[in-house]
Amino acid sequence: MAEEDEEEGTEGEGGAEAPEGKKKSKLLLIIIVAVVLLLGGGGAAFFLMSGGDTPEGEEVEEEQVTITYGTVEMKPFIINLADNRSYLKTILLLEYEPTLVGELPEQDEEAPVSPNSGERAPLAGNLPGKLRVREPMIRDAVLTLISNKRREDLISSEGKEILKEELLEVINDAGGLEDAAIIAVYFIDFIIQ
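Written as structure tokens, this is what we have:
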């Protein structure tokens, strides 16, 4: 009889284990599915946020665009300085981006008209592309800027650097192009007397 009670007890426990076992297996299945979904979602988010298809340890080769800048030497400037005792002789080298300068316009379209003869002036000068038409205005802007400087303003290297920045601004403004085509100004010759 004791043996029967033990057998019944195991059956009872076994019968009770069956519904609990189903609950545990369902709970375990739900937890596994949730973990897989979380890991999959996290992995997808990481993949999308990190840029994707590059294996770890490999570097992405960026396309290198090489821009070749042109240079042009302007005709010499001899300018009286503001202190009326000194003058500056300088030659400027302009570094420019050819794509912004464009092609030289037709003389008939862009050349300035002479007030005396009413004819178009020849496109003299050595500036590239569309800047050639604006060379008189560019030279005027440079002359105006430098003639307002004093000898003391230009002797130091700091003064020359400030002048380069100012020249860059006035040359690009006088150039009349939408974008700043001149990217740097260099002094080839710089003599103050």
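One gets the numbering used here by counting positions in the sequence shown from 1 and adding 24 to each. No residue lacks a Cβ here, since even glycine has one placed at the ideal position from N, Cα and C. The model shown is predicted, which means the values in this text are computed figures rather than measured ones.
When the Cα of E189 is compared with those of K48, D177, V209 and L201, which residue comes out closest? The residue given as residue 189 occupies position 165 in the sequence shown. It is V209.
CB contact flag (E121, A58, <8 Å): The residue you call residue 121 lines up with position 97 of the sequence shown. The residue you call residue 58 lines up with position 34 of the sequence shown. No, these two residues do not count as a Cβ contact at 8 Å.
In this structure, how does DSSP classify A208 when only helix, strand and coil are distinguished? To locate residue 208, count along the sequence shown from 1; it is residue 184. Strand, per DSSP.
Helix, strand or coil, according to DSSP, for T90 in the structure here? On the sequence shown, position 66 is the one that residue 90 refers to. Coil at T90, not helix or strand.
What's the gap between the Cα of E44 and the Cα of L52? Along the sequence shown, one-based indexing puts residue 44 at 20. Along the sequence shown, one-based indexing puts residue 52 at 28. Between E44 and L52, the C-alpha separation is close to 12 Å.
How would you call G199, buried or exposed, if buried means at least 16 neighbouring beta carbons within 10 angstroms? As a position in the sequence shown, residue 199 is number 175, starting the count at 1. Burial check for G199: the Cβ neighbour count within 10 Å reaches 16 or more, so the residue is buried.
Find the nearest neighbour of D197 within the set D164, E182, L178 and G94, judged by alpha-carbon distance. Counted from its first residue, the sequence shown places residue 197 at position 173. Of the candidates D164, E182, L178 and G94, the one whose C-alpha sits nearest the C-alpha of D197 is D164.
Quick one: any contact between the segment 96 to 107 and the segment 168 to 176, if contact means 3 or more CB pairs under 8 Å? Touching, per the Cβ criterion.
Straight-line gap, D177 to R109 (C-alpha atoms, nearest Å): The sequence position of residue 177 within the sequence shown is 153, counting from 1. The sequence position of residue 109 within the sequence shown is 85, counting from 1. When rounded, the separation of the alpha-carbon atoms in D177 and R109 is 14 Å.
Neighbourhood of L116 by C-beta distance below 8 Å, restricted to the same chain and skipping five residues each side: Sequence index remark: in the sequence shown, residue 116 carries index 92 (1-based). If we look at L116 and ignore the five residues flanking it on each side, its Cβ neighbours are E97, M98, F101, V166, L191, V209, Y210, F211 and I212.
Just to confirm before moving on: does the CB-CB distance between L124 and T95 stay below 8 Å? Walking along the sequence shown from the start, residue 124 turns up at place 100. Walking along the sequence shown from the start, residue 95 turns up at place 71. For the pair L124 and T95, the CB atoms are not nearer than the 8 Å cut-off.
Would I162 pass as a contact of I186 if the rule is Cβ separation under 8 Å? Stepping through the sequence shown from its first residue, residue 162 is reached at position 138. Stepping through the sequence shown from its first residue, residue 186 is reached at position 162. A distance of 8 Å or more separates the beta carbons of I162 and I186.
Could you check if G153 is buried or exposed, using at least 16 other CB atoms within 10 Å of its CB as the buried criterion? For the purposes of this step, residue 153 is taken as residue 129 along the sequence shown, with counting starting at 1. Residue environment: G153 is assigned as buried (16 or more neighbouring CB atoms within 10 Å of its CB, all protein chains considered).
Is I179 closer than 8 Å to K113 when the C-beta atoms are compared? Locating residue 113 in the sequence shown gives position 89, counting from the first residue. Locating residue 179 in the sequence shown gives position 155, counting from the first residue. At the C-beta level, K113 and I179 stay beyond 8 Å of one another.
For L286, does the count of other Cβ atoms within 10 angstroms reach 16, so buried, or fall short, so exposed? Given a span of 25 to 217 for the chain in the structure shown, any question on residue 286 remains unanswerable.
Tell me the DSSP secondary structure of L63 in three-state form. Reading the sequence shown from its first residue, position 39 is the one you call residue 63. Under the three-state reduction of DSSP output, L63 falls in the helix class.
At the level of alpha carbons, what is the spacing between D107 and V89? By 1-based counting over the sequence shown, the position of residue 107 is 83. By 1-based counting over the sequence shown, the position of residue 89 is 65. Their Cα atoms are separated by approximately 47 Å.
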